[in-house]
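Protein chains: 4
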Amino acid sequence: MIEAEISETVPFYDTDCGGVVSNIAYLRYVEKARTALFAGLGMPASEMMATGLFPAVVRTEIDYRSPARLGDEIRIVARLAAVEKVRAICEFRLTATAPGGEPRPVAAASQVVALIQLPEGRPRRMPPEWLNPTV
Amino acid sequence: MIEAEISETVPFYDTDCGGVVSNIAYLRYVEKARTALFAGLGMPASEMMATGLFPAVVRTEIDYRSPARLGDEIRIVARLAAVEKVRAICEFRLTATAPGGEPRPVAAASQVVALIQLPEGRPRRMPPEWLNPTV
Amino acid sequence: MIEAEISETVPFYDTDCGGVVSNIAYLRYVEKARTALFAGLGMPASEMMATGLFPAVVRTEIDYRSPARLGDEIRIVARLAAVEKVRAICEFRLTATAPGGEPRPVAAASQVVALIQLPEGRPRRMPPEWLNPTV
Amino acid sequence: MIEAEISETVPFYDTDCGGVVSNIAYLRYVEKARTALFAGLGMPASEMMATGLFPAVVRTEIDYRSPARLGDEIRIVARLAAVEKVRAICEFRLTATAPGGEPRPVAAASQVVALIQLPEGRPRRMPPEWLNPTV
């Protein structure tokens with residue numbers, strides 16, 4: 182199973198006036214984890230402008246469990262859950278840890294991702310070696 | 182049926198290096214439309230810091246249909262689709278129109294929203310007058 | 182003198198856990214106002230992907246006077262303050278108005294902008310008709 | 182001299198349709214570096230919600246030297262340049278490194294920061310031990 186993991190300390194700009202992390206900010210953490218996942222699959226972001234082959238999010242689902250706060254350490258585990266002909270399903274688990282505290286689940290998300298070849302914008306088949314993600 | 186509608190011209194900072202609007206940016210449009218919807222229901226954002234009663238997003242689903250681009254006019258229609266004891270379901274339809282062009286659907290989203298009383302963070306019942314959203 | 186003016190209601194995602202608008206969010210308002218200013222000068226954002234000619238911010242200065250809050254109406258006035266061979270100076274005044282309140286100054290900014298021709302990334306001369314911005 | 186250093190890999194959402202990092206995104210890097218700097222001075226972000234003492238940006242200047250791109254590693258060095266009674270000056274140097282490349286300067290910034298005691302919003306004196314930042 183192919184996984185990637187990143188962590189992020191909650192900055193000011195990810196919080197809102199409710200005192201906790203904005204629902205939108207979690208999608209930024211998810212995007213960083215997805216980018217790390219694709220890098221692990223052989224598609225580093227730093228090469229995408231040259232190849233013109235980009236992952237495009239087709240659908241996002243995210244459930245918010247409990248609030249994360251300024252200064253919490255967010256850990257995001259991404260995994261490639263399924264690969265079909267022209268789309269991949271990525272799943273994400275997010276936990277938050279306050280300094281000196283225990284990790285607690287804060288959100289879970291999944292995204293359907295297609296590969297788009299620019300500049301034409303044509304969908305591309307998933308690489309055959311991804312179809313059996315047990316490598 | 183209770184609805185709200187807003188529009189937004191796609192700014193630079195909502196696009197990414199794929200040349201189109203970032204998947205995350207659509208959630209900003211959704212948030213503005215949701216805020217307009219709740220204002221129409223009698224909960225304007227400008228009063229929330231005083232009342233301490235905030236809508237909290239519990240779940241988001243969003244499907245991306247086709248890309249929006251820099252300078253497109255985005256129109257977001259939000260409606261209160263269902264109201265239960267402690268949660269409301271909001272639905273969003275997003276269309277984009279290039280100057281001189283026809284509107285095209287770009288995304289559809291739904292969010293489950295709870296009402297949270299700060300500073301305690303306790304969920305509150307939905308206002309009874311929302312339960313029958315045909316007013 | 183060439184001016185543009187836009188307004189924006191402060192959304193949740195522009196606030197932070199200090200209870201007021203994030204210092205970074207004001208730059209989003211400035212960017213929208215600058216885009217409106219350049220549209221008024223004949224360079225609408227919607228044509229930039231086709232022409233490849235983009236305004237690039239070379240320097241930003243911003244002074245924060247007093248905090249803006251969730252739900253405030255932000256008004257941003259942008260003006261073309263000076264035009265030189267390869268750069269333009271844009272100035273911005275931001276005021277915030279709470280519902281039922283008086284406008285109060287919240288920030289003032291200036292930006293030095295160059296015109297960059299993509300994909301080469303070469304700076305371009307300012308259009309001669311901008312050099313005398315009294316038109 | 183008190184310094185902090187962080188690094189960040191440029192994510193999709195920090196780029197724009199010009200193909201490079203958005204001018205606004207650099208301020209997010211600056212904010213993370215400033216937060217690390219204040220943590221090093223004994224004011225970790227994770228304690229601010231409890232103490233109510235927050236650094237507030239009063240002024241920002243940023244010069245953009247050359248573009249950073251998707252996947253570049255950004256390194257931000259922050260230093261406490263000067264401390265006066267009620268304000269501190271922080272300076273930031275940002276470099277970007279493409280995979281396999283050399284670091285190149287991309288931006289330099291400075292910020293004037295005040296300490297604000299919430300909920301009153303009163304400015305506080307800088308801690309006396311910061312006044313001589315050679316510790």
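Residue numbers (our numbering), protein chains in the order written: chain A, 182 to 316; chain B, 182 to 316; chain C, 182 to 316; chain D, 182 to 316.
Positions of the beta carbon are idealized from the N, C-alpha and C atoms, including for glycine.
Keep in mind it's a predicted model, so treat the numbers as computed, not measured.
Nearest-angstrom Cα separation, counted from residue j out to residue i
i: Leu312 of chain C; j: Thr232 of chain A; result: 40 Å
i: Ala249 of chain D; j: Glu272 of chain B; result: 38 Å
i: Gly282 of chain A; j: Ala259 of chain A; result: 23 Å
i: Val191 of chain C; j: Asp253 of chain C; result: 5 Å
i: Cys198 of chain A; j: Glu301 of chain C; result: 42 Å
i: Glu212 of chain C; j: Val202 of chain D; result: 14 Å
i: Val242 of chain D; j: Leu275 of chain A; result: Before going further, note that residue 242 of chain D is Glu rather than Val in the sequence given. Straight-line Cα distance between these residues: approximately 35 Å.
i: Lys266 of chain B; j: Ala279 of chain B; result: 41 Å
i: Ser291 of chain D; j: Val238 of chain D; result: 10 Å
i: Arg305 of chain D; j: Ala295 of chain D; result: 8 Å
i: Ile270 of chain C; j: Val293 of chain C; result: 5 Å
i: Ala277 of chain B; j: Arg215 of chain B; result: 18 Å
i: Glu189 of chain B; j: Leu261 of chain D; result: 40 Å
i: Ala226 of chain C; j: Gly200 of chain B; result: 13 Å
i: Val287 of chain A; j: Arg268 of chain B; result: 19 Å
i: Ile255 of chain B; j: Ala220 of chain D; result: 41 Å
i: Arg240 of chain C; j: Ile187 of chain C; result: 22 Å
i: Ile257 of chain A; j: Ile257 of chain D; result: 23 Å
Residue i: contacting residues in chain D (beta-carbon distance under 9 Å)
i: Ile243 of chain B; result: Those within 9 Å of Ile243 of chain B in chain D number zero; the least Cβ separation is about 15 Å.
i: Glu272 of chain C; result: By Cβ distance, chain D contributes nothing, its closest Cβ being about 15 Å from Glu272 of chain C, past 9 Å.
i: Leu296 of chain C; result: Ordered by position in chain D, no residue passes the 9 Å Cβ test against Leu296 of chain C, which lies about 12 Å from the chain.
Chain-ordered chain D contacts of residue i [CB-CB under 8 Å]
i: Ser247 of chain B; result: Ordered by position in chain D, no residue passes the 8 Å Cβ test against Ser247 of chain B, which lies about 16 Å from the chain.
Beta-ladder partner(s) of residue i, from DSSP
i: Ser203 of chain D; result: According to DSSP, Ser203 of chain D bridges with nothing at all.
i: Leu275 of chain A; result: A:Ile257 and A:Ala288
i: Val294 of chain D; result: D:Val238 and D:Ala269
i: Tyr245 of chain B; result: B:Ala288
i: Ser188 of chain D; result: D:Arg256
i: Thr196 of chain C; result: C:Val202
i: Ala262 of chain C; result: None, per the DSSP bridge assignment.
i: Glu304 of chain B; result: Note on residue identity: the sequence assigns Pro, not Glu, to residue 304 of chain B. Looking at the DSSP assignment, Pro304 of chain B forms a beta bridge with B:Ile297.
Contacts that residue i makes with chain A (C-beta to C-beta distance below 8 Å)
i: Ala226 of chain D; result: Thr190, Val191, Pro192, Phe193, Leu251 and Gly252
i: Val239 of chain B; result: Asp244 and Tyr245
i: Ala279 of chain D; result: Ser227
Same chain, Cβ closer than 7 Å to residue i, five either side skipped, listed in chain order
i: Phe235 of chain B; result: Met229, Ile297 and Leu299
i: Leu251 of chain A; result: Val191, Phe193 and Thr196
i: Ala206 of chain B; result: Asp195
i: Asn204 of chain A; result: Tyr245
i: Leu264 of chain C; result: It is worth fixing the name first, because residue 264 of chain C is Val in this sequence and not Leu. Contacts found: Met307, Trp311, Leu312 and Pro314.
Residues near residue i in its chain [Cβ-Cβ closer than 8 Å; skip 5 each side]
i: Arg209 of chain A; result: Asp195
i: Val316 of chain B; result: Residue confidence for Val316 of chain B is low, a pLDDT of 45 falling below 50, so the modelled location carries little weight and cannot support an answer.
i: Leu218 of chain C; result: Ile183, Glu184, Ala185, Ala259, Arg260, Leu261 and Cys271
i: Arg303 of chain D; result: Ile297
i: Gly223 of chain B; result: Pro308
i: Ala289 of chain C; result: Ile243, Asp244, Arg246, Glu272, Phe273, Arg274 and Leu275
Residue i: contacting residues in chain B (beta-carbon distance under 7 Å)
i: Ala288 of chain C; result: The contacting residues do not exist; Ala288 of chain C stays about 17 Å from chain B at best.
i: Met230 of chain C; result: Gly200, Arg250 and Leu251
Contact set between residue i and chain A, taken where Cβ atoms lie within less than 7 Å
i: Ile205 of chain C; result: Tyr194
i: Lys213 of chain D; result: Pro192
Neighbour list for residue i in chain C, Cβ cutoff strictly below 8 Å
i: Arg285 of chain D; result: The contacting residues do not exist; Arg285 of chain D stays about 14 Å from chain C at best.
Amino acids of chain A, ordered along the chain, whose beta-carbon sits closer than 9 Å to that of residue i
i: Arg209 of chain B; result: Ile205
i: Leu299 of chain B; result: Gly199 and Gly200
Interface flag, residue i vs chain F, CB-CB below 7 Å
i: Ala237 of chain B; result: Reference to chain F is not applicable here, since the protein chains of this structure are A, B, C and D.
Contacts that residue i makes with chain D (C-beta to C-beta distance below 7 Å)
i: Phe235 of chain C; result: Gly199
i: Leu218 of chain C; result: Per Cβ cutoff of 7 Å: no residues; Leu218 of chain C is ~15 Å from chain D at best.
Contact set for residue i: own chain, Cβ-Cβ below 6 Å, skip 5 residues either direction
i: Pro284 of chain D; result: Thr276 and Thr278
Chain-ordered neighbours of residue i on chain C, where CB pairs are closer than 9 Å
i: Leu275 of chain D; result: Within 9 Å Cβ-Cβ: nothing; Leu275 of chain D doesn't reach chain C, min ~14 Å.
Residue i beta carbon near the ligand HEM (any heavy atom closer than 6 Å)
i: Ile255 of chain A; result: Absence of the ligand HEM from the depicted structure is noted, as is the absence of any ligand whatsoever, leaving it without description.
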